[in-house]
Amino acid sequence: MLKSVVRAVGAAARLSSASTSAARVLPLSYPALRSPSSAITRPFTRSLWMLSNNGASSGYRPKLFSSKVLSPSVSCGCGGLHTEGDKAFGDFLSDEIKEEKKIQKNKSLPKVSGGWELEMNGTEAKLTRSVSGEKVTVTFNVNNSIPPNFEEEVEQTQQKSAEEEPEIVSTPNFVVEVTKQAAKHSLVFDCHFPEDEMSHGEGEEESDIFAIREVSFQPQGDSEWKETSYNLNTDSLDWALYDHLMDFLADRGVDNTFADELTELSTAIEHQEYIKFLEDLQGFVKCN
């Protein structure tokens, strides 16, 4: 079974060229023309690493994290260093966790319609369904699934009221694997949410909110993507062939509705993992 985490590692190594067949990068931003109607979003509250307009790139360090190192506390048996800064950090994390839980819209993960079954392995999710003897598997990882230009949008809107604050939506790359019982290879699609909404024909009532980046045949049962297999890059592909590939996915349940629900699920998973990270960070700082 192909693992999306393996594809994501491959993506980082091939980030330099968006036009080559090996360019598997995370989306630059969420589709501008049509956002998922069902996606779960939440107001921006991640002040942990954005406490001022200066940002990390300016070299500015918030006073919260620049307190002087004091003598270790003798009240804890963990043997670690404890400072007044650690105490302030822990108090800040407590408030941050409470705020994130307050705005959390899903205490349990939303389901994807169409008979998809969900399996979780940390930050990696796998959705599977069977269609007339075929097995369709969709894998994605919520790590780095928030568009990287989101911070810039936040800096531009920090002076706005809370009601106008930008909302977080997770838009991960995802891999679709279609397996036939009599075939030795699976047909694999590397998909992503592009910066702009994809539209490949005039007069279409609804354009695609996700896109296919590459298509390849991979041996069934292998957990790693074999670079020796031919990868069909769609950058310069004939539109008619591309549309047939999109229709092939739609016939197997991977369409705009699925993409909407995938972002809803991914956003919920990402938020849960973020809260868990804050809780683990708080425990590490306080030695709980």
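So the sequence shown is numbered by full-length UniProt numbering: it starts at 1 and just counts up by one.
For each residue, glycine too, the CB sits at the ideal point set by N, CA and C.
All figures in this text were calculated on a predicted structure; none of them were measured in a lab.
By a C-beta neighbour count over all protein chains shown, 10 Å radius and 16 as the cutoff for buried, is residue i buried or exposed?
i, result
"leucine 262", "buried"
"leucine 81", "exposed"
"leucine 278", "buried"
"isoleucine 212", "buried"
"lysine 126", "buried"
"proline 172", "buried"
"threonine 228", "exposed"
"tryptophan 239", "exposed"
"serine 170", "buried"
"isoleucine 168", "buried"
"isoleucine 209", "buried"
"isoleucine 103", "exposed"
"leucine 241", "exposed"
"glutamine 181", "exposed"
"histidine 192", "buried"
"serine 132", "exposed"
"glutamate 119", "exposed"
"tyrosine 274", "buried"
"aspartate 190", "buried"
"proline 219", "exposed"
"asparagine 141", "buried"
"aspartate 251", "exposed"
"asparagine 121", "exposed"
Can you pull the DSSP bridge partners for residue i?
i, result
"asparagine 141", "Glu124"
"glutamate 195", "Its beta-bridge partners do not exist; DSSP assigns none."
"arginine 117", "In the sequence as presented, arginine is not what sits at residue 117; that position holds glutamate. Bridge partners of glutamate 117: Thr128."
"leucine 187", "Val178 and Phe217"
Kindly indicate which three-state DSSP category residue i falls into: helix, strand or coil?
i, result
"isoleucine 146", "coil"
"valine 112", "coil"
"leucine 281", "helix"
"lysine 107", "coil"
"lysine 135", "strand"
"serine 35", "Because the pLDDT at serine 35 is just 42, under 50, the model does not fix this residue reliably, and the point stays unresolved."
"tyrosine 274", "helix"
How would you write the range of the alpha helix (DSSP H) that residue i sits in, first residue to last?
i, result
"phenylalanine 92", "84-103"
Would you mind reading off the limits of the beta strand (DSSP E) that contains residue i?
i, result
"threonine 171", "Run containing threonine 171: none; DSSP gives neither H nor E here."
task = Kindly provide the ranges of any alpha helix (DSSP H) runs that are 4 or more residues long and lie completely inside the region 202-270, ordered along the chain.
result = Counting only runs of 4 or more, we get 239-251.
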